[in-house]
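Visitor: Take this structure, written in C-alpha cells, and hold onto it; I'll ask about it next.
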Amino acid sequence: MIDNYLLEELVTFKKYGTLAATANHLMVTQPTVTRGMQKLEEELAVEIFDRQPNRITLTKAGELAAKEAQKVIDQNNNFIDTIQKYDYNHKNIRIGAVAPGPLILLRHLRKSKLAQAKIDIDDNLINPEDVTKELLDHNYSFVLTNQEIMTDDIESRFIGTEELSVNLNQFTLLANKKSVSFDELKGLSFIVIADIGIWKDITEKRIPDAKFLYQDQQEAFREITKYSDFPYFTTNISKIDRKLEMEDHDQINVPINDDAAKVDFYAAYLKNQKKSINPILKTMNENWNKYLI
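Following this note's numbering, the numbering of the sequence shown begins with 98 at its first residue and continues without gaps.
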C-alpha cells in the first residue's frame, strides 16, 4: 500500500510544478520531497517523472498518477469525515431545520424537559432539497423539515403545524379583521428577519407587489418593529421566543387564512438513529400544542 504522504507530494508537485514550491507548501525540505518521489516511482514500478538538467516534470503516466492520487486522497478524507461524523452523531444529537420556528421550540425545551440531552442545534438553515443528502452524509441526527421523507434509509415523524400570522398597526382596517389572506396584504412593506427559511419563498410568492425589508440582526428587527408601523410576521411558534416578544406595541396579531400559511413539520432521520432520537421527537410532539396555543 502506498503511503498517503507520497500521494500528497505527487498532487502538490502537479499543482506547483517545482520541487522547491512543493517542499515549501508541505513545509518539508526539498531532499525529503526528492526521496519521496523516488520511493513513489519504485512502488509503482513506473517512471512518472521526466528528469532533465535543472528541471523535473511529470510524464503522461505521472499526470494520470497525480489525477488518481487526488481521488484516493479525497476518498480517504471522506472516509475519515464520515466516520467522525457518524461517531459524533451517536454521542450527540445534532439537529438542523429548514425554518427557524421548530428550533425555537427545541431551544425552549432544552432549557427544561430536554436539559439532560446532548443536543447540538445548528442555526444555519438547510435547503429542503438538501435534507436527504445531509442525513445520508451523517451531518445531522435529524432534520426538521416541511417534507415527509420515506426511503429505504430515512423515515419521518410528524411533529406539528406552524401557522403564519401578520402583525398590523391597530388603526389599519385589516387589523380589525379576524383573519386576512395573502392577497389582502398586497403592496405592503414588511420588516422581516433575514433568515426565515421556507417562509421567505412562501411570503415572497404569495403576497402581490410586496416589499420585504430584511434585517440580519434581531436587535435591529426589534427596534424597527417597536418604533415603526411596518407590519411584520410571527408564527404560533415564534411567539414563545422571549427575544421576539413585543411589549407595548400598537400592532395587532392577525392570522393569515391561506392554506400556504400553514406548514406541517416532520423530523426526518436515518432509521438506525431512531432509538437515540425518539425521546426528543416524542417530547417535541407532545409539547408542540401545549406551548403554542
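Beta carbons are placed, not taken as given, at the ideal position from N, Cα and C, and that holds for glycine. As the structure is a computational prediction, the values presented were derived from the model and not from experiment.
Identify every residue that forms a DSSP beta bridge with arginine 152.
Guide: Residue mapping note: residue 152 aligns to position 55 of the sequence shown, counting from 1. Beta-bridge pairing links arginine 152 to Gln149.
Visitor: Can you look up leucine 241 in the DSSP assignment and give me helix, strand or coil?
Guide: For the purposes of this step, residue 241 is taken as residue 144 along the sequence shown, with counting starting at 1. Leucine 241: strand per DSSP, three-state reduction.
Visitor: Beta carbon of alanine 120, beta carbon of valine 108: below 9 angstroms?
Guide: The sequence position of residue 120 within the sequence shown is 23, counting from 1. The sequence position of residue 108 within the sequence shown is 11, counting from 1. Not a contact, by the Cβ cut-off of 9 angstroms.
Visitor: Tell me whether the beta-carbon of isoleucine 218 lies closer than 9 angstroms to the beta-carbon of isoleucine 177.
Guide: Walking along the sequence shown from the start, residue 218 turns up at place 121. Walking along the sequence shown from the start, residue 177 turns up at place 80. Not in contact: isoleucine 218 and isoleucine 177 (Cβ atoms no closer than 9 angstroms).
Visitor: With DSSP as the reference, label aspartate 250 as helix, strand or coil.
Guide: By one-based count along the sequence shown, residue 250 stands at place 153. DSSP places aspartate 250 in coil when its eight states are reduced to three.
Visitor: Apply the 10 Å Cβ neighbour rule to proline 150 and answer buried if 16 or more other Cβ atoms are within range, or exposed otherwise.
Guide: Indexing the sequence shown from 1 puts residue 150 at position 53. Exposed, because fewer than 16 other Cβ atoms sit within 10 Å of the Cβ of proline 150.
Visitor: Applying the criterion that 16 or more other CB atoms from any shown protein chain within 10 Å of the CB defines a buried residue, is valine 195 buried or exposed?
Guide: Mapped onto the sequence shown, residue 195 falls at position 98. That one is buried.
Visitor: Excluding the 5 residues flanking isoleucine 321 on each side, which residues of the same chain have their C-beta closer than 6 angstroms to its C-beta?
Guide: The residue you call residue 321 lines up with position 224 of the sequence shown. Closer than 6 angstroms at Cβ, skipping near neighbours: Ile288.
Visitor: From what residue to what residue does the beta strand (DSSP E) around glycine 133 run?
Guide: Counting from 1 along the sequence shown, the entry for residue 133 is found at position 36. Segment 127–141 is the alpha helix (DSSP H) holding glycine 133; no beta strand (DSSP E) there.
Visitor: DSSP three-state call for aspartate 292: helix, strand or coil?
Guide: Residue mapping note: residue 292 aligns to position 195 of the sequence shown, counting from 1. Three-state result, aspartate 292: coil.
Visitor: Please report how far the alpha carbon of leucine 232 lies from the alpha carbon of isoleucine 190, in whole angstroms.
Guide: Locating residue 232 in the sequence shown gives position 135, counting from the first residue. Locating residue 190 in the sequence shown gives position 93, counting from the first residue. So the two alpha carbons sit approximately 12 angstroms from each other.
Visitor: Please report the residue range of the alpha helix (DSSP H) in which aspartate 171 lies.
Guide: Against the sequence shown, residue 171 aligns to sequence position 74. Residues 157–188.
Visitor: Rounded to a whole number of angstroms, what is the C-alpha to C-alpha distance between arginine 207 and leucine 378?
Guide: As a first step, residue 207 must be located in the sequence shown, where it is residue number 110. As a first step, residue 378 must be located in the sequence shown, where it is residue number 281. Cα to Cα, arginine 207 sits roughly 12 angstroms from leucine 378.
Visitor: Nearest-angstrom Cα distance between asparagine 186 and isoleucine 180?
Guide: As a working note, residue 186 is residue 89 in the sequence shown. As a working note, residue 180 is residue 83 in the sequence shown. When rounded, the distance between both Cα atoms is 10 angstroms.
Visitor: Using only alpha-carbon positions, find the residue among Thr300, Ile290 and Gln135 that is nearest to glutamate 96.
Guide: Outside the displayed range of the chain (98 to 390) lies residue 96, so it cannot be described from this structure.
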